[in-house]
Amino acid sequence: MTTPRLQNPFKHAPEGIKAMMALEASFKSSGLEHSVIELVKLRASQINGCAFCIHMHATDARKAGETEMRLYMLNAWRESSLYTPRERAALAWTESLTRLAETGAPDADYELVKAQFSEAEQVQLTLLIGAINVWNRLQVGLRAAHPVDPPSAAH
1 MTTPRLQNPF KHAPEGIKAM MALEASFKSS GLEHSVIELV KLRASQINGC AFCIHMHATD
61 ARKAGETEMR LYMLNAWRES SLYTPRERAA LAWTESLTRL AETGAPDADY ELVKAQFSEA
121 EQVQLTLLIG AINVWNRLQV GLRAAHPVDP PSAAH
């Protein structure tokens, strides 16, 4: 269990948070599908171990109609046939940029992105990946606790 290091980190950097929220808002008109945006956010959050963001993006994806199985299989997307070529390219790029120190953003991953996304979408996707990594670092670094869903009647 996580104990938050700050109770409300957003109040300590309102201009920075405002800038991040403006960046987030820009993704809505980026040409990237909502499913791609949520899968990218969720996958980066899995890699970074950000429970707060995993909870948020799994919840958002489900509300937007994402299937439970695609969410469950996301950690093994390379071995699953549930993802489109465009989603697969975005996920490969997400992993490469989230693990940048290890990968160096290999040409093979960029070629996948280049084949599926316009140049403007490539920039938007790269900004999206950068943004979720900033959010993950803020939430993990300051130990944000995710909400706890009430137990369902089935349990």
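The opening position of the sequence shown corresponds to residue 1 in the numbering used here, with each subsequent residue numbered one higher. Cβ atoms here follow ideal geometry from the backbone N, Cα and C, with glycine treated the same way.
Can you check the region 1 to 64 for any alpha helix (DSSP H) of at least 4 residues that lies completely inside it and give the ranges in chain order? For the region 1 to 64, whole alpha helix (DSSP H) runs of length 4 or above, ordered along the chain, are 14 to 26, 34 to 48 and 51 to 63.
How about TYR83 and ARG62: do their beta carbons lie closer than 9 angstroms? Not in contact: TYR83 and ARG62 (Cβ atoms no closer than 9 angstroms).
Taking the alpha carbon of ALA115 as the point to measure from, which residue in TRP93, GLY104, ASN136 and ASN133 has its own alpha carbon closest? Of the candidates TRP93, GLY104, ASN136 and ASN133, the residue whose Cα lies closest to the Cα of ALA115 is TRP93.
Just to confirm, is the Cβ distance from ARG86 to ILE47 under 9 angstroms? Going by C-beta atoms, ARG86 is not nearer than 9 angstroms to ILE47.
From which residue to which residue does the alpha helix (DSSP H) around SER96 run? SER96 -> alpha helix (DSSP H) spans 85 to 98.
Could you give the first and the last residue of the continuous alpha helix (DSSP H) run that contains ALA131? In the DSSP assignment, ALA131 falls within the unbroken alpha helix (DSSP H) covering 119 to 141.
May I ask you to report which of helix, strand or coil DSSP gives ASP109? Look at ASP109 here: in three-state DSSP terms it is helix.
Of the choices GLY130, ASN136 and HIS12, whose alpha-carbon is the least far from that of SER45? Closest by alpha carbon: ASN136.
Taking 8 angstroms as the cut-off, does the region 13 to 25 touch the region 96 to 112 (at least 3 CB pairs, one atom from each stretch)? Between the region 96 to 112 and the region 13 to 25 there are fewer than three inter-stretch CB-CB distances shorter than 8 angstroms, so the stretches are not counted as touching.
From the DSSP output, in three-state form, read off GLU66 for me. Under the three-state reduction of DSSP, GLU66 is assigned to coil, being neither helix nor strand.
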